[in-house]
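Report on one structure; see the data block that follows.
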Amino acid sequence: MHFRDPASRASSIRRLQRLARFLDSGFTVTGTQARFGADAIIGLVPGIGDFITSILSAYIVMQAIRLGASGKTVAMMVGNILLDLVVGAIPAVGDLADFFFRSNQRNLQLMAKDPILAAECEALGGIPEPRPTMTNMTHVVDGIRGSKRVVNEAA
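Be aware that the sequence shown starts at 3, since it is given in our numbering, and climbs by one per residue.
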């Protein structure tokens, strides 16, 4: 069943934007601009965490299909989810990757570039580019480097 009513289509796209933001960048590390999402938190659960987040990500793909996304776009969206799932299955590496690889926001970007959905996404103000995870973190890095210098000087 496809969405035909323009209001319900717009509502669906906005709902997908909120879900992607929640999963990929819904939280901020206090005192920094570093962002992470529920995907990174749920993914920490051994064995099933990444599977659960993949199901949530699949909802975005299902809605893209209902909105009429092209087969190529859907295939690329599924590829992002599979990559997130496979890498997420690797202990420690997968957990770290969840902080940097934002498959849901990438999938919304694919929807925004889809020939069928691009005009609708643009009419809603576009879909913002995913923010980098570590924006404006140079002060933190400089502080760490400074600490190492002090440690090295004391040695």
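For glycine and all other residues, C-beta sits at the position ideal for the given N, C-alpha and C.
Since we're looking at a predicted model, the values are computed, not measured.
Helix, strand or coil for residue i per DSSP?
i, result
"residue 6", "coil"
"residue 17", "helix"
"residue 71", "coil"
"residue 87", "helix"
"residue 97", "helix"
"residue 119", "coil"
"residue 103", "coil"
Quick one: what's got a C-beta closer than 6 Å to residue i's C-beta in the same chain, skipping five residues either side?
i, result
"residue 136", "Confidence is the limiting factor: at residue 136 the pLDDT is only 44, short of 50, which leaves the residue's position unreliable and the question unanswerable from this model."
"residue 157", "At residue 157, the pLDDT of 40 sits below 50, so the modelled position is not reliable and the matter cannot be decided from this model."
"residue 112", "75, 78, 79"
"residue 109", "62, 79, 82"
Enumerate in chain order the residues of its own chain whose CB-to-CB distance from residue i is below 7 Å, with the five nearest sequence positions on each side excluded.
i, result
"residue 76", "63, 66, 67"
"residue 10", "none"
"residue 118", "70, 71, 72"
"residue 24", "39, 40"
"residue 134", "Unreliable positioning characterises residue 134 in this predicted model, as indicated by a pLDDT of 48, which lies under 50. A coordinate reading is not provided."
"residue 52", "45, 87, 90, 91, 96"
Give me the residue from the options with the minimum Cα distance to residue i.
i, options, result
"residue 29", "48, 112, 120, 101", "101"
"residue 107", "12, 11, 84, 20", "20"
"residue 17", "32, 58, 54, 50", "58"
"residue 94", "47, 61, 55", "47"
By Cβ distance below 8 Å, which residues in the same chain neighbour residue i in space, the five residues on each side in sequence not counted?
i, result
"residue 124", "114"
"residue 85", "103, 105"
Along the chain, which unbroken stretches of the alpha helix (DSSP H) at least 4 residues long are found entirely within the region 13 to 69? 40 to 44, 51 to 69
Counting pairs of beta carbons, one from the region 68 to 83 and one from the region 41 to 51, are three or more of them closer than 8 Å? no
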